[in-house]
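Chain order of the listed sequences is A and B. To convert, note that position 177 of the first sequence is 287 in this note's numbering; the numbers rise steadily by one, no gaps. To convert, note that position 154 of the second sequence is 264 in this note's numbering; the numbers rise steadily by one, no gaps. Every residue gets a Cβ at the ideal spot worked out from N, C-alpha and C, and that includes glycine. These numbers come from a predicted model, not from an experiment.
Number of protein chains: 2
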Amino acid sequence: MSRNELEQLAETLLSVIRKRSGQPHDIRKLSASLKATNTDIASAAGVLADWEYRIKKRKSSITFVSAPDSLIDTEIRHGLKTRIIGKSMVCYQSVQSTNDIAAELAGRGAEHGAIVTADQQTKGRGRLGRTWYSPPGTGIYVSVLLRPRFTPDRAPGLAIMTAVALADAISEYLPGEVQIKWPNDVWINGRKTAGILTELSAEQGRIHYVVIGVGINVNQGVGNFPEDIRPIATSLRRALKRKVRRVDLLHTFLLNLEKAYAAYEKSGLKSMHRKVRAYSALIGEEITVRTGRHETRGRAVDIDLDGRLILEVEGRREAVTAGEVTVVRTKSS
Amino acid sequence: MSRNELEQLAETLLSVIRKRSGQPHDIRKLSASLKATNTDIASAAGVLADWEYRIKKRKSSITFVSAPDSLIDTEIRHGLKTRIIGKSMVCYQSVQSTNDIAAELAGRGAEHGAIVTADQQTKGRGRLGRTWYSPPGTGIYVSVLLRPRFTPDRAPGLAIMTAVALADAISEYLPGEVQIKWPNDVWINGRKTAGILTELSAEQGRIHYVVIGVGINVNQGVGNFPEDIRPIATSLRRALKRKVRRVDLLHTFLLNLEKAYAAYEKSGLKSMHRKVRAYSALIGEEITVRTGRHETRGRAVDIDLDGRLILEVEGRREAVTAGEVTVVRTKSS
């Protein structure tokens, strides 16, 4: 049996035994139903152990104990309820940047909804050429390839749409504690937990593709963050005081994203506009927004249907498309 | 002398002898001033002949007769008056698509203003995934890489800006006969002479790069066009009844583009808005605009400062960002 065949058998075996977690399966019965020898079944169970599944192997039986929290194809597929996003996926142990790989795949014709995940990024990118710290085994790094049929002028709202999908997913663990920092970060208790980098390839009037990249700090402990970002970064684990299964959070996020995108295609941010406002960390705050060399100071009063931040500057309203926001004074201070 | 050294010597020789076109240069004097043997000078003259320069070679003298109309580095550099656009250039005999190569170079860090030219494209691309017919020896296929510091929402006007630079260049040969068909074609006598494909790579609030690709039908005769586009396409040569030196037209276009871009950076289409209107083939016409599955019919009344086409539809004004325009009825009909 080739390695490839053995891995296929391992996947089939897994799908059978994980249905009755904790209960022993008779090896002879498994051999019969999966049309394999006892030795092959035993080898396949060995493969599952290599993949960090916990399996109890006895002389005549195999018992599924638990699945690893690994961002691997098999685990991500198991329980993923989306219909389009993640239908095609490529899962890496370690890459420079999932967004770069997704863009490459797009260039080679990858389909709408394809995703790229990684357990670690060695050159994880944030907005404006910054790095996104992406250590192994603790975060989620995922890029989603979309091929919108709408025109490029509707692309800018996709970052906020994604932020809502992400904030909703994290809120299932931490209800009421999640905020969106316009335009592309998600905060827990005022600290950065997740970031979004939306990249667009387009021509006049037509989008070639969009890559939505997301980095989520899930199970990082304080020691996992480099000193310079320690005061401003946090993770779900730090806020919850327990670990979160990354695969579960990824499932929720991808399903939210698929629904949000369907709504966005239809009517932009309209249906999620109430949430955009409710999650906003900035509305009501005195802030400065820096765009290139230009800096504006004012009070953030709204986010509009195009995802622009609305500032009140000396009685006038100004819409800001993008920029670096600093909160000058919080409401409570 | 290596091939590389010989080519360098040929370029130096060329720069010396072309200064006094038609006049013989003494080979011994050339040898002395260029620090090379007589044999090397003769070989260098042979290289120039390979490059299709017309050179008269006598026993003791070399005379420059004329330069080829080739889109090669040396010819494009000679007489190019730009300061930024074309400072870095890559010139190909034949490529699939100059836009694809420019995007590749951009990914590898090529600088603002770099250009890619080709004598022929085997997969020349037009808007909306269409092909742009790009036969050898007759057209100009050039892509310009820009790295604007303005935000992506200002990118859409670049196509119209380029169309103006192009229409100005062609008008030097055919004053009063050139029109812009919004958003990205240039017409002579109602027939397509040049097309523009602007491609954008961007993230939220920041442009990574823009590639402006231009294809110009210069010296095509009727027989050079495939039958299906013969009724709708034309070339400068067909309109002028004589050939045009492609390199000269390219120089004019690139210089116009550099000036137009400097103006655009400062104030968008403002300074060229009068020209945008004057060149427009659509203003005043009854047209339909198709965007995806949506079709609008109305009278084109203006192009605004964002490069959008303004339609009058049953008394109301509508702005169109992009789309496929068909003229329903011309003013004269």
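Three-way DSSP call (helix, strand, coil) for residue i in this model
i, result
"HIS383 of chain A", "helix"
"GLU337 of chain A", "coil"
"PRO134 of chain B", "strand"
"GLY417 of chain B", "coil"
"THR362 of chain A", "helix"
"LEU284 of chain B", "coil"
"ASN327 of chain B", "strand"
"MET271 of chain A", "helix"
"GLN314 of chain B", "coil"
"LEU392 of chain A", "coil"
"SER176 of chain A", "strand"
"ILE298 of chain B", "strand"
"ILE211 of chain A", "helix"
"ARG259 of chain B", "coil"
"SER487 of chain A", "This structure cannot speak to residue 487 of chain A, because chain A is shown only from 111 to 443."
"ALA429 of chain A", "strand"
"ARG348 of chain B", "helix"
"VAL126 of chain A", "helix"
"LEU307 of chain B", "strand"
"SER443 of chain A", "Its pLDDT being 44, under 50, SER443 of chain A is placed unreliably by the model, and the measurement read from it follows with that caveat. SER443 of chain A falls in the coil class under three-state DSSP."
"GLY247 of chain A", "coil"
"VAL157 of chain A", "helix"
"LYS167 of chain A", "strand"
"LYS291 of chain B", "strand"
"THR149 of chain B", "helix"
"GLY223 of chain B", "coil"
"SER253 of chain A", "strand"
"GLN118 of chain A", "helix"
"VAL423 of chain B", "strand"
Contact belief for residue i with residue j at Cβ below 8 angstroms, rounded distance in angstroms
i, j, result
"LEU310 of chain B", "LEU255 of chain B", "That belief does not hold up - the Cβ atoms of LEU310 of chain B and LEU255 of chain B are roughly 12 angstroms apart, past 8 angstroms."
"HIS273 of chain B", "ASN294 of chain B", "This sequence places Ala at residue 273 of chain B; His is not what is there. Contact holds; Cβ gap of about 6 angstroms."
"ARG409 of chain A", "GLU396 of chain A", "5 angstroms"
"ARG418 of chain B", "THR431 of chain B", "6 angstroms"
"ILE322 of chain A", "THR303 of chain A", "Contact doesn't hold; Cβ gap of about 17 angstroms is too wide."
"PHE335 of chain A", "TYR251 of chain A", "Going by Cβ atoms, the distance from PHE335 of chain A to TYR251 of chain A rounds to 16 angstroms, so no, they are not a contact pair."
Given residue i as reference, the closest of the options once Cα atoms are compared
i, options, result
"VAL320 of chain A", "A:TYR371, A:GLN206, A:ILE342, A:VAL437", "A:TYR371"
"ARG427 of chain A", "A:ARG113, A:VAL411, A:ILE127", "A:VAL411"
"ARG240 of chain B", "B:VAL200, B:ARG130, B:LEU364, B:GLY305", "B:GLY305"
"THR149 of chain B", "B:PRO134, B:LEU392, B:MET111", "B:MET111"
"LYS145 of chain B", "B:LEU119, B:GLU337, B:SER170", "B:LEU119"
"ILE270 of chain A", "A:THR436, A:ILE182, A:GLU117, A:LEU379", "A:LEU379"
"VAL288 of chain B", "B:VAL175, B:THR344, B:PRO245, B:ARG259", "B:THR344"
"PHE363 of chain B", "B:LYS385, B:ASP183, B:ILE280, B:GLU337", "B:ILE280"
"ASP449 of chain B", "B:GLY394, B:TRP292, B:HIS135", "Absent from the model: residue 449 of chain B. The displayed extent of chain B is 111 to 443, so no value can be given."
"ILE90 of chain A", "A:GLY189, A:VAL175, A:CYS201", "Shown here, chain A extends from 111 to 443; a query on residue 90 of chain A therefore has no answer."
"ALA177 of chain B", "B:LYS169, B:ILE186, B:SER171", "B:ILE186"
"GLY315 of chain B", "B:THR261, B:LEU346, B:ASN334, B:LEU276", "B:THR261"
"SER175 of chain A", "A:SER131, A:ALA213, A:GLY217", "Inspection of the sequence shows that residue 175 of chain A is occupied by Val rather than by Ser. The shortest C-alpha separation from VAL175 of chain A is found at A:SER131."
"ILE413 of chain B", "B:ALA391, B:LEU116, B:HIS404", "B:ALA391"
"PRO134 of chain B", "B:SER171, B:SER141, B:ARG113", "B:SER171"
"GLU405 of chain B", "B:TYR389, B:GLY433, B:ILE127, B:GLY394", "B:GLY433"
"ARG257 of chain A", "A:GLU368, A:LEU421, A:VAL435", "A:GLU368"
Under 7 angstroms by beta carbon: chain B residues contacting residue i
i, result
"ASN294 of chain A", "GLN314"
"GLU375 of chain A", "Near GLU375 of chain A there are no residues of chain B at all, since even the closest Cβ is about 12 angstroms away, more than 7 angstroms."
"PRO336 of chain A", "Correct list: empty, because the minimum Cβ distance to chain B is about 23 angstroms."
Per-residue contacts from residue i into chain D (C-beta, under 9 angstroms)
i, result
"THR401 of chain B", "Of the chains in the structure shown, none is chain D; the protein chains are A and B."
Chain B contact residues for residue i, given Cβ-Cβ distances below 9 angstroms
i, result
"GLU309 of chain A", "SER311, ALA312, GLU313, GLN314, HIS318"
"PRO266 of chain A", "PRO262, ASP263, GLN314, GLY315"
Neighbouring residues, chain A, relative to residue i (Cβ below 7 angstroms)
i, result
"LEU238 of chain B", "ARG316"
"THR431 of chain B", "THR261, ASP263, GLY315"
"ALA269 of chain B", "GLN314"
"PRO341 of chain B", "Going along chain A, no residue has its Cβ under 7 angstroms from PRO341 of chain B, so there is no contact; the nearest lies around 25 angstroms."
Contact list for residue i against chain A, beta-carbon separation under 9 angstroms
i, result
"PRO258 of chain B", "Correct list: empty, because the minimum Cβ distance to chain A is about 11 angstroms."
Proximal chain A residues relative to residue i, where beta-carbon distance stays under 8 angstroms
i, result
"PRO245 of chain B", "Correct list: empty, because the minimum Cβ distance to chain A is about 23 angstroms."
Between the segment 150–158 of chain A and the segment 117–136 of chain A, are three or more C-beta pairs nearer than 8 angstroms? yes
Within the chosen definition, does the segment 260–278 of chain A reach the segment 329–343 of chain A through at least 3 CB pairs nearer than 8 angstroms? no
Count the C-beta pairs between the segment 222–236 of chain A and the segment 372–386 of chain A that are closer than 8 angstroms, then say yes if the count reaches three, no if not. no
Please determine if the segment 344–363 of chain B and the segment 276–291 of chain B are in contact, where contact requires at least 3 C-beta pairs separated by less than 8 angstroms. yes
Spell out a yes or no on whether the segment 187–197 of chain B and the segment 160–170 of chain B are touching, meaning 3 or more CB-CB pairs, one atom from each, closer than 8 angstroms. no
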